[in-house]
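Novice: Which chain is which? The protein sequence lines are L and H, in order. The numbering of the first sequence is numbering that gives the first Met the number 0, which starts it at 0 and goes up by one. The numbering of the second sequence is numbering that gives the first Met the number 0, which starts it at 0 and goes up by one. Just so it is clear, CB atoms sit at the ideal spot from N, CA and C, and this is done for glycine as well.
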Amino acid sequence: MQLIPCPWCGPREEAEFSYGGQAHVPYPDSPAELSDEEWAHYVFFRANPKGRFAERWNHGAGCRRWFNAIRDTATYRFERVYRLDDPKPGVTELARSREEGTAP
Amino acid sequence: MTSPFRTPEGGRIDRATTVEFTFDGETLTGHPGDTLASALLASGRHRVATSVRLGRPRGVAAAWAEDPGGLVQIEEPFPEPMLLATTVELHDGLAAHGLPGQGRLADVPDSARYDAVHHHVDVLVVGAGPAGLAAALTAARAGARVALVDEQSEAGGSLLSGTERLDDAPALQWVAAAVAELAGHPDVLHLQRTTAFGSYDDGFVLALERRTDHLGAAAPKHVSRQRVWRIRARSIVVATGAHERPVVFADNDRPGTMLAGAARTFLHRYGVLPGREAVVFTTNDSAYDAALDLSRAGVRVQAVVDARPEGSPRRGECEHAGLRVLSGAVVTGTRGTERVTHALVAPFADGQVGASTAIGCDLLLVSGGWNPAVHLFSQARGRLRYDEVLGAFLPGEELDGLAVAGSAAGVFDLAGCLADGQRVARAALSALAVPPAADDRLPAAPAPVVPAAPVVLWRVPDTSGAEGTTSFVDLQRDATVADIVRAVGAGLRSLEHVKRYTTIGTAHDQGKTSGVLTSGIVAELLGVPVQDTGTTTFRPPYTPVAFAALAGRDRGRLFDPERVTALHEWHVAAGAVFEDVGQWKRPRYYPQPGEDMAAAVLRECAAARTGVGILDGSTLGKIDVQGPDAAVLLDRLYTNLMSSLKVGSVRYGVMCGVDGMVIDDGTVLRLAEDRFLVLTTTGGAATVLDWMEEWVQTEWPDLRVHCTSVTEQWVTFPVVGPRSRDVVGSLFPDVDVSTEAFPFMTWRDTALEGVPVRLARISFSGELAYEVYVNPWYAVAVWERLLEAGRPHGITPYGTETMHVLRAEKGYPIIGQDTDGTVTPHDLGMAWAVSKKKPDFIGKRSFTRPANADPLRKQLVGLLPVDRQTVLPEGSQIVEFRADGELPPPPVPMLGHVTSSYRSAELARPFALALVKGGRERIGDTVHVPVGGTLVPVEVTGAVLVDPEGARRDG
Numbered sequence: 000m001q002l003i004p005c006p007w008c009g010p011r012e013e014a015e016f017s018y019g020g021q022a023h024v025p026y027p028d029s030p031a032e033l034s035d036e037e038w039a040h041y042v043f044f045r046a047n048p049k050g051r052f053a054e055r056w057n058h059g060a061g062c063r064r065w066f067n068a069i070r071d072t073a074t075y076r077f078e079r080v081y082r083l084d085d086p087k088p089g090v091t092e093l094a095r096s097r098e099e100g101t102a103p
Numbered sequence: 000m001t002s003p004f005r006t007p008e009g010g011r012i013d014r015a016t017t018v019e020f021t022f023d024g025e026t027l028t029g030h031p032g033d034t035l036a037s038a039l040l041a042s043g044r045h046r047v048a049t050s051v052r053l054g055r056p057r058g059v060a061a062a063w064a065e066d067p068g069g070l071v072q073i074e075e076p077f078p079e080p081m082l083l084a085t086t087v088e089l090h091d092g093l094a095a096h097g098l099p100g101q102g103r104l105a106d107v108p109d110s111a112r113y114d115a116v117h118h119h120v121d122v123l124v125v126g127a128g129p130a131g132l133a134a135a136l137t138a139a140r141a142g143a144r145v146a147l148v149d150e151q152s153e154a155g156g157s158l159l160s161g162t163e164r165l166d167d168a169p170a171l172q173w174v175a176a177a178v179a180e181l182a183g184h185p186d187v188l189h190l191q192r193t194t195a196f197g198s199y200d201d202g203f204v205l206a207l208e209r210r211t212d213h214l215g216a217a218a219p220k221h222v223s224r225q226r227v228w229r230i231r232a233r234s235i236v237v238a239t240g241a242h243e244r245p246v247v248f249a250d251n252d253r254p255g256t257m258l259a260g261a262a263r264t265f266l267h268r269y270g271v272l273p274g275r276e277a278v279v280f281t282t283n284d285s286a287y288d289a290a291l292d293l294s295r296a297g298v299r300v301q302a303v304v305d306a307r308p309e310g311s312p313r314r315g316e317c318e319h320a321g322l323r324v325l326s327g328a329v330v331t332g333t334r335g336t337e338r339v340t341h342a343l344v345a346p347f348a349d350g351q352v353g354a355s356t357a358i359g360c361d362l363l364l365v366s367g368g369w370n371p372a373v374h375l376f377s378q379a380r381g382r383l384r385y386d387e388v389l390g391a392f393l394p395g396e397e398l399d400g401l402a403v404a405g406s407a408a409g410v411f412d413l414a415g416c417l418a419d420g421q422r423v424a425r426a427a428l429s430a431l432a433v434p435p436a437a438d439d440r441l442p443a444a445p446a447p448v449v450p451a452a453p454v455v456l457w458r459v460p461d462t463s464g465a466e467g468t469t470s471f472v473d474l475q476r477d478a479t480v481a482d483i484v485r486a487v488g489a490g491l492r493s494l495e496h497v498k499r500y501t502t503i504g505t506a507h508d509q510g511k512t513s514g515v516l517t518s519g520i521v522a523e524l525l526g527v528p529v530q531d532t533g534t535t536t537f538r539p540p541y542t543p544v545a546f547a548a549l550a551g552r553d554r555g556r557l558f559d560p561e562r563v564t565a566l567h568e569w570h571v572a573a574g575a576v577f578e579d580v581g582q583w584k585r586p587r588y589y590p591q592p593g594e595d596m597a598a599a600v601l602r603e604c605a606a607a608r609t610g611v612g613i614l615d616g617s618t619l620g621k622i623d624v625q626g627p628d629a630a631v632l633l634d635r636l637y638t639n640l641m642s643s644l645k646v647g648s649v650r651y652g653v654m655c656g657v658d659g660m661v662i663d664d665g666t667v668l669r670l671a672e673d674r675f676l677v678l679t680t681t682g683g684a685a686t687v688l689d690w691m692e693e694w695v696q697t698e699w700p701d702l703r704v705h706c707t708s709v710t711e712q713w714v715t716f717p718v719v720g721p722r723s724r725d726v727v728g729s730l731f732p733d734v735d736v737s738t739e740a741f742p743f744m745t746w747r748d749t750a751l752e753g754v755p756v757r758l759a760r761i762s763f764s765g766e767l768a769y770e771v772y773v774n775p776w777y778a779v780a781v782w783e784r785l786l787e788a789g790r791p792h793g794i795t796p797y798g799t800e801t802m803h804v805l806r807a808e809k810g811y812p813i814i815g816q817d818t819d820g821t822v823t824p825h826d827l828g829m830a831w832a833v834s835k836k837k838p839d840f841i842g843k844r845s846f847t848r849p850a851n852a853d854p855l856r857k858q859l860v861g862l863l864p865v866d867r868q869t870v871l872p873e874g875s876q877i878v879e880f881r882a883d884g885e886l887p888p889p890p891v892p893m894l895g896h897v898t899s900s901y902r903s904a905e906l907a908r909p910f911a912l913a914l915v916k917g918g919r920e921r922i923g924d925t926v927h928v929p930v931g932g933t934l935v936p937v938e939v940t941g942a943v944l945v946d947p948e949g950a951r952r953d954g
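1) Below 7 Å on C-beta distance, what does E692 of chain H contact in chain L?
2) Where does P6 of chain L land, buried or exposed, given buried means 16+ other C-beta within 10 angstroms?
3) When the Cα atoms are used, what is the spatial distance from L70 of chain H to V47 of chain H?
4) For the region 35-48 of chain L, enumerate the residues whose C-beta is nearer than 7 Å to any C-beta of chain H, in chain order.
5) Under the assumption that A60 of chain H contacts T86 of chain H (Cβ atoms under 8 Å), give the Cβ distance between them as a whole number of angstroms.
6) From the beta carbon of P30 of chain L, is the nearest beta carbon of chain H less than 7 Å away?
7) Please identify the residue among H:E879, H:R919, H:V891, H:F840 whose C-alpha is closest to the C-alpha of L859 of chain H.
8) Below 6 Å CB to CB, which residues in the same chain sit around P86 of chain L once its five sequence neighbours on both sides are set aside?
9) At least one CB of chain H closer than 7 Å to the CB of Y26 of chain L: is that the case?
10) For the putative contact between V329 of chain H and V459 of chain H, defined by C-beta atoms under 8 Å, what is the C-beta separation to the nearest angstrom?
11) Any Cβ of chain H within less than 7 Å of the Cβ of Q21 of chain L?
12) What in chain H is Cβ-close to R55 of chain L, meaning under 8 Å?
13) Using only the alpha-carbon positions, how far apart do V227 of chain H and A146 of chain H sit?
14) In chain L, which residues lie with their C-beta within 8 Å of the C-beta of G689 of chain H?
15) What does A271 of chain H pair with, by DSSP beta-bridge criteria?
16) What would DSSP say about A465 of chain H, mapped onto helix, strand or coil?
17) Apply the 10 Å Cβ neighbour rule to E1005 of chain H and answer buried if 16 or more other Cβ atoms are within range, or exposed otherwise.
18) Could you check how far apart the C-beta atoms of A597 of chain H and P590 of chain H are, in whole angstroms? I think they sit under 8 Å.
19) Closer than 9 Å by beta-carbon distance: list the chain L residues that pair up with K843 of chain H, in chain order.
20) Under a Cβ-count criterion, where at least 16 other Cβ atoms within 10 Å of its own Cβ denotes burial, should A36 of chain H be classed as buried or exposed?
21) Please name the residue, chosen from H:A38, H:T137, H:P854, that lies closest to G29 of chain H on a Cα-to-Cα basis.
22) Using beta-carbon positions only, say whether A302 of chain H and L272 of chain H come within less than 7 Å of one another.
23) By Cβ distance below 8 Å, which residues in the same chain neighbour T502 of chain H in space, the five residues on each side in sequence not counted?
24) So, helix, strand or coil for T564 of chain H, using DSSP?
25) Along chain L, in chain order, which residues have C-beta atoms closer than 9 Å to that of R880 of chain H?
26) As a quick exercise: from H:V352, H:V571, H:A379, H:I761, pick the residue whose alpha carbon is nearest that of R650 of chain H.
27) Taking the Cβ atom as the reference point for each residue, do V339 of chain H and T468 of chain H lie within a distance shorter than 7 Å?
28) Is Q351 of chain H buried or exposed, if buried means 16 or more other CB atoms sit within 10 Å of its CB?
29) Is the beta carbon of R263 of chain H closer than 7 Å to that of A289 of chain H?
30) According to DSSP, which residues form a beta bridge with T823 of chain H?
31) Do we get a CB-CB distance below 7 Å when we pair V657 of chain H with the residues of chain L?
32) Can you tell me where the alpha helix (DSSP H) holding P129 of chain H begins and where it ends?
33) For D461 of chain H, which residues from the same chain have a beta carbon less than 6 Å from its beta carbon, with the 5 sequence-adjacent residues on both sides left out?
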């Protein structure tokens, strides 16, 4: 069973978490002004990459908090977890955190 | 009752004690320390079982879990199928018999206990052989928290099977000292009889400890029989040793055919001679130890048959001991029926087999080299590398947090294994920033004799005329070289496909002896390197694990939590029949003597519609939403407006997903300007709270609002029916219960002898009703006072079945029963609950998608069977006839399905709710529902069948 590093609680078993899909898909400011297609993209369309993916996770059986993570969908490795109000880490930042050993 | 094959001395058995056991009905004896297999061999019995497909005699062919032959069924002390005679420890009273590849589960409940323990360590060492013990000592001496697990009954690994020496003394003396030293470290957990059967992510290993199996009837009842250890290790050292590999030849399955190393184990560990006259067939030097040891112990070794043309430098040693060595020769087959009587030996050069000679023997030892036990490494997704010299797969990469040591990593000499264990443990410590201890001494091992290179030989060409049909690769599946040839001939190239076509490696032993052989033979047939063929995937468990052990304590009542309301004991005493609603136990109905469910429900319904009924509705989900922005949050989540709700009032609301589909419904009580009590469905309580949290945390963190579950802080008793006002009014005289003072959809706080009580005019039945809320501590008292106050009016407790009939008669849907995630509020006929004023709420934008305007969307309607008799089964499909009165040709179009169906006391007939395509346009039509073999005509009606005007809600 994998360990997932909750930004508030530290590493905990994956069974304590639930998956929340792609991160950084904000609720549109004015849904009424969107075309059907634009709205459908918000409701139904999500990326499904092989490799690095920014995702939402919820520590439901722990602190019950939501957070974001950069996870490699091919290896399941969590490269980085960050709070919802943190910006999406850039590629150079991820590389630096790996070099510094601060990646989980 | 003699053991003619027992040596006069030696072995790790307690010769002073004799135990009796029965096998195939025959009473035999052995000693503590024996396995069932060693005791059978001591009695001269090789044949244990019959093969699964061909019915051929099979015997013990190895000494531990890799044995493909000796499958047994245990009958006493408790029936257990499909165990290996080689891994069953002998005890007094054991009763077993051989199995033809399939066993029998016990038909009585297993009364033994099973449990699980979580354990966290710095270093987990799997295997207590030389490499594992060295690794554990190094880690323990450095002060690390260590777990050492080993599947055997005692530590020592391969040292238990030989005569090696360390520090100029028998090696087992060092083993005993090492075990004692580990026991002196407070942070070391050392478990024997414990098999690490699976390695998973992030240092997680599952291990099964067999705690009492070896004690038989003497097992203490308070000790769990087996325990699953859930070990989380920062670093893992896999020192699991190696399995000897056979060579495939014709009739290689006859009892008496055995791996050479296993014979050495039976001799040294159990004091058993596996035969009197042996032929040893080998491709490498390791079998020479078996030949020489057995010879010294009195076995007549008729020949050492070495497939290598130049033989071994150890030939002289053998000849000095009087053993004949035939180099450049192979065993091509065997003779015998129940037991091997002859080995057929032939010269072998450049892949060509010469003429065979029969050599008489009752034991044929085989060694085709050694396969490192890389299972745990491979399960952890470690890549394997094929070693051309060893003819085996080795760990082919470094993994974070998991390293392989000793013969599991291809190191086969004792000094090398000790050093490798220490090296790997030090590397693990270094990664954990733990310095090794100053004194980390290893025992002195004799300088290793460098062995001559082995030859890799998977199979001996079949000269018997059987064309490989008796050359067994997987004995447990009766799968042969001929089967592999057929698979490859059928065009299969991938080893995974060959495995599934031939079933090789799918049996009890999961291919411990057959897996690498298959890789080699397939590669040979395809003419590709073995590295390209690879292995099939190693999956947990390494050895079979009983479901009972995996279940542990989580069975029966502890399988899933049971939630009961504060009134549960009262319901039980009242004779309620319960139903499960999620984890809740809810009274379904309260049968009186002679009543079945239908009769009880009709009586309960009639009481609620004509007098007064009372329900335990405590399981209703309750969420306390507090904060200055509480109303803003609810406005965004509900389809209707909640901010306009007055303090003291109640509003029904519907919640949708962003796709506009209904996810829950319920009523909302405004307790204060900044506080609401949100009621959800029983099943939706957790989901709705999670839904609120998700939006508050991820989208609207600026909202000053907090949500918490108070489901268990309040019990809820709806008092329902035209007489409910009298009951509630008499019990709470401080409350003016008139419609004017206490109108529908309002709530009032009061008290009963100082206990705060909340009353709400909410109705889930259409009748005049008051919901009574109180702290669960006072649940029984208030419930009984309500019953007392209701007695003059014939108050009738009712269960969930009646609740469902009452709500369905009113067309109130149950979200999740009458809806399925594709239903909008409009489909339910609840456009009135969708705000047109609010600029936005979750789901609003989706309502204007073209699909939601489709007139053929499924809509909630009522159905009345025309025969006034049939209760339509829920889930039934709905069809319609063509204009000519015939069914359309198959596939008959389905219009929808029945979602709720009951008998109605009020209507004096059965009725149903259904989702029907364009349903509201069909009101008045007759459609058909297939029930059993007939088509039942039903009339489509509006969803509200009782009191459509809503005249009853104020009594």
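Specialist: Quick look at the numbers:
1) The answer, in chain order, is R63.
2) buried
3) 7 Å
4) D35, W38, V42
5) Rounded, the Cβ-Cβ distance is 13 Å, inconsistent with contact.
6) yes
7) Here the closest residue by C-alpha is H:R919.
8) none
9) yes
10) 5 Å
11) So no, Q21 of chain L is outside the interface.
12) T697
13) Within the model, the alpha-carbon separation for V227 of chain H versus A146 of chain H is close to 14 Å.
14) Reading off the sequence shown, one finds Asp at residue 689 of chain H, where the question assumed Gly. Within chain L, the residues near D689 of chain H are N57, G59.
15) In the sequence as displayed, the identity of residue 271 of chain H is Val instead of Ala. BP columns for V271 of chain H point to H:R5.
16) coil
17) For residue 1005 of chain H there is no data in the structure shown, the boundaries of chain H being 0 and 954.
18) A597 of chain H to P590 of chain H, Cβ: 10 Å. No contact.
19) P30, A31
20) Here A36 of chain H is buried. Its C-beta has 16 or more other C-beta atoms within 10 Å.
21) H:A38
22) No. Outside cutoff.
23) Excluding positions up to five away in sequence, the list reads D473, R476, A478.
24) Taken through DSSP and simplified to helix, strand or coil, T564 of chain H comes out as coil.
25) According to the sequence displayed, residue 880 of chain H carries Phe and not Arg. Result: empty, since nearest Cβ-Cβ is about 37 Å, beyond 9 Å.
26) H:I761
27) no
28) exposed
29) Yes, the Cβ-Cβ distance between A289 of chain H and R263 of chain H is below 7 Å.
30) Answer by DSSP bridge pairing: none, since T823 of chain H is not bridged.
31) yes
32) In the DSSP assignment, P129 of chain H falls within the alpha helix (DSSP H) that extends over 129-140.
33) A249, G467, S470
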